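Presented below is the structure to which this report refers.
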Amino acid sequence: MFLSLKKKARVHSPWIYHFHTGGCNGCDIETFATLIPRFDIERFGVKLVSSPRHADIIIVNGPVTKQFVPMLLRVYNQVPNPKIVIAIGSCALTCGVFNRNGEENYALAGPAEKLIPVDVCIPGCPPKPEAIIQGIMYAIQKLSSL
Amino acid sequence: MKNIKTLIEALKNFYNQETISYPIGEWPGKKYSNIPETLRGKPKVDEEKCIGCEACYNACSAFTIKFFEEGNERKYNIDINKCVFCGRCEDVCPEDAIKLSNEFELTYFPERKEEKRYVKWIKLLKDCKNCGEKFAAIDQINKIHERISLNINPKVSEEASKDYEIYSNYCPKCRKILSYKIGINPTKYYLRLGRG
Ligand code: SF4
Ligand code: SF4
Ligand code: SF4
Chain H
-6 MFLSLKKKAR VHSPWIYHFH TGGCNGCDIE TFATLIPRFD IERFGVKLVS SPRHADIIIV
54 NGPVTKQFVP MLLRVYNQVP NPKIVIAIGS CALTCGVFNR NGEENYALAG PAEKLIPVDV
114 CIPGCPPKPE AIIQGIMYAI QKLSSL
Chain V
11 MKNIKTLIEA LKNFYNQETI SYPIGEWPGK KYSNIPETLR GKPKVDEEKC IGCEACYNAC
71 SAFTIKFFEE GNERKYNIDI NKCVFCGRCE DVCPEDAIKL SNEFELTYFP ERKEEKRYVK
131 WIKLLKDCKN CGEKFAAIDQ INKIHERISL NINPKVSEEA SKDYEIYSNY CPKCRKILSY
191 KIGINPTKYY LRLGRG
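Residue numbers (the numbering used here), protein chains in the order written: chain H, -6 to 139; chain V, 11 to 206.
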């Protein structure tokens, strides 16, 4: 009973931790744009939290730079189970514009998909706020099935 | 005084809703769609119109349009994950075959990426009559033929189009040898028209 209540609370108000791993900042701006009243993702109970230990969903964007690898893994391990990872933008999915024609970039440790399991992918450079809303709905859908 | 101003502002905003609705949906019971026409979303390709000229491949700013050749097919592939929706491919396409649609809902679950991630299309290639090498898409060769007969001086257009039919069966390398052998050379048209 307690577990089902916990699940219900999680689905109706997923808390998000936003983690930036070295992109151009475009995706961060769009992510925050979805939180402001104009797009108002908060109507679904979504709340931005400042600590990964409180989060249900973790949003990753940027092509993970080599310096960010230990931090990303640490943050990922700090999020309590069950957790959902959303990769936002071309960078988090394929390194995007930082990885020309599939060549290796000396500063990058590869896309986020390579380092942590990603549950929802939102392509775009940067994705439109509407696309992010759709992505978060997908994430909530997945969260309710866990 | 200050309080009244705040009150007026509050009352104004009470009727002016700031939050916009999701661009496509169903409410109340009726489907609506107010996606702006100029929105740049997933590129879509009209396979019939495309002539396989590679212009989009050369212009793509994110290096996401790729092709590889397999048998007598050239397989084009756009990876949506890398696309930056700049619209350069749309600008350079001579046939308006590639267009950015206003489909913005691109989210997918990674286990079902094949459905949404790639835009794929195929063009058939032509073999060289002499050496058997595949050198260009059939549709592109036909299109060039069409353009030549449209743009050339009518005095020589029939002859040129006949020459082109012979020419278009050979790859650029064999073409050079051929033009030396049987004496088809573009300069002869200029000579005929007195511009040589
Ligand atoms: S996906 Fe594009 S907008 Fe987002 S961080 Fe990377 S380069 Fe910037
Ligand atoms: S919109 Fe830009 S990045 Fe996307 S396929 Fe076309 S040229 Fe490439
Ligand atoms: S016709 Fe257009 S879509 Fe086809 S290869 Fe040329 S530029 Fe690309």
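Where a beta carbon is used, it is the ideal one built from N, C-alpha and C, also for glycine.
No experiment lies behind these values; they were computed from the predicted model shown.
For residue i, the first and last residue of its enclosing beta strand (DSSP E)
| i | result |
| --- | --- |
| Gly35/V | 34 to 36 |
| Pro53/V | 53 to 55 |
| Phe25/H | Counting along the chain, Phe25/H falls outside any beta strand (DSSP E), though it belongs to the alpha helix (DSSP H) covering 19 to 26. |
| Val129/V | 128 to 137 |
| Leu110/V | 108 to 110 |
| Arg157/V | From DSSP, Arg157/V is part of no beta strand (DSSP E) but of the alpha helix (DSSP H) over 148 to 161. |
| Asp89/V | 83 to 89 |
For residue i, the first and last residue of its enclosing alpha helix (DSSP H)
| i | result |
| --- | --- |
| Arg98/V | 98 to 102 |
| Ser189/V | 182 to 192 |
| Ser13/V | Checking the sequence shown, residue 13/V turns out to be Asn, not Ser. 12 to 25 is the extent of the alpha helix (DSSP H) around Asn13/V. |
| Arg3/H | -5 to 5 |
| Lys41/V | Not the alpha helix (DSSP H): Lys41/V falls in the beta strand (DSSP E), residues 41 to 43. |
| Cys88/H | Looking at the DSSP string, Cys88/H is not in any alpha helix (DSSP H), and its letter there is neither H nor E. |
| Cys66/V | 65 to 69 |
| Lys107/H | 105 to 108 |
Three-state secondary structure assigned by DSSP to residue i
| i | result |
| --- | --- |
| Phe119/V | coil |
| Thr58/H | strand |
| Phe78/V | strand |
| Cys114/H | strand |
| Leu77/H | It is worth fixing the name first, because residue 77/H is Ile in this sequence and not Leu. DSSP places Ile77/H in strand when its eight states are reduced to three. |
| Arg31/H | coil |
| Arg93/H | helix |
| Tyr10/H | strand |
| Asn140/V | coil |
| Leu41/H | strand |
| Glu105/V | coil |
| Ile126/H | helix |
| Ile176/V | helix |
| Val94/V | coil |
| Asn139/H | The identity of residue 139/H in the sequence shown is Leu, whereas the question assumes Asn. Coil, per DSSP. |
| Gly206/V | At Gly206/V the pLDDT is 45, less than 50, meaning the model places this residue with poor confidence and gives no usable figure here. |
| Val72/H | coil |
7 angstroms Cβ cut-off: residues of chain V touching residue i
| i | result |
| --- | --- |
| Tyr99/H | None at all; the shortest Cβ gap to chain V is about 18 angstroms. |
| Val90/H | Ala72, Val94 |
| Arg31/H | Glu28, Thr29, Ile30 |
| Arg93/H | Phe73 |
Residue nearest to residue i in terms of C-alpha spacing, selected from the options
| i | options | result |
| --- | --- | --- |
| Pro104/V | Ala69/V, Lys15/V, Ile162/V, Lys40/V | Ala69/V |
| Asn152/V | Trp131/V, Lys165/V, Asn140/V, Lys172/V | Lys172/V |
| Lys109/V | His155/V, Cys60/V, Glu36/V, Leu134/V | Cys60/V |
| Arg46/H | Pro104/H, Gln71/H, Lys0/H, Leu101/H | Gln71/H |
| Glu123/H | Asn18/H, Phe32/H, Phe37/H | Phe32/H |
| Tyr174/V | His155/V, Asn161/V, Leu201/V, Lys186/V | His155/V |
Proximal chain H residues relative to residue i, where beta-carbon distance stays under 9 angstroms
| i | result |
| --- | --- |
| Tyr42/V | Neighbours of Tyr42/V on chain H: none; closest Cβ ~14 angstroms, over 9 angstroms. |
Chain-ordered chain H contacts of residue i [CB-CB under 7 angstroms]
| i | result |
| --- | --- |
| Asn91/V | Ser83, Leu86, Thr87, Pro116 |
Listed by chain order, chain V residues near residue i by CB distance under 9 angstroms
| i | result |
| --- | --- |
| Tyr131/H | Thr117, Tyr118, Phe119 |
Chain V residues whose Cβ lies nearer than 8 angstroms to that of residue i
| i | result |
| --- | --- |
| Gly128/H | Thr117 |
Interface residues of the stretch 103 to 127 of chain V facing chain H [CB-CB below 9 angstroms]: For the stretch 103 to 127 of chain V, the set of residues with a beta-carbon nearer than 9 angstroms to any beta-carbon of chain H comprises Phe114, Glu115, Leu116, Thr117, Tyr118, Phe119, Pro120, Lys123, Lys126, Arg127, in chain order.
Chain H contacts from the stretch 42 to 74 of chain V (Cβ-Cβ distance under 7 angstroms): Ala72, Phe73
The stretch 21 to 37 of chain V: positions lying closer than 7 angstroms to chain H by Cβ: Glu28, Thr29, Ile30, Tyr32, Pro33
Where the stretch 98 to 126 of chain H meets chain V: residues whose CB sits under 8 angstroms from a CB there: Residues Glu106, Val111, Asp112, Val113, Cys114, Ile115, Pro116, Gly117, Cys118, Pro120, Lys121, Glu123, Ala124, Ile126.
Chain-ordered residues, beta carbon under 6 angstroms from a heavy atom of ligand 5: What this structure holds is ligand 1, ligand 2 and ligand 3, not ligand 5.
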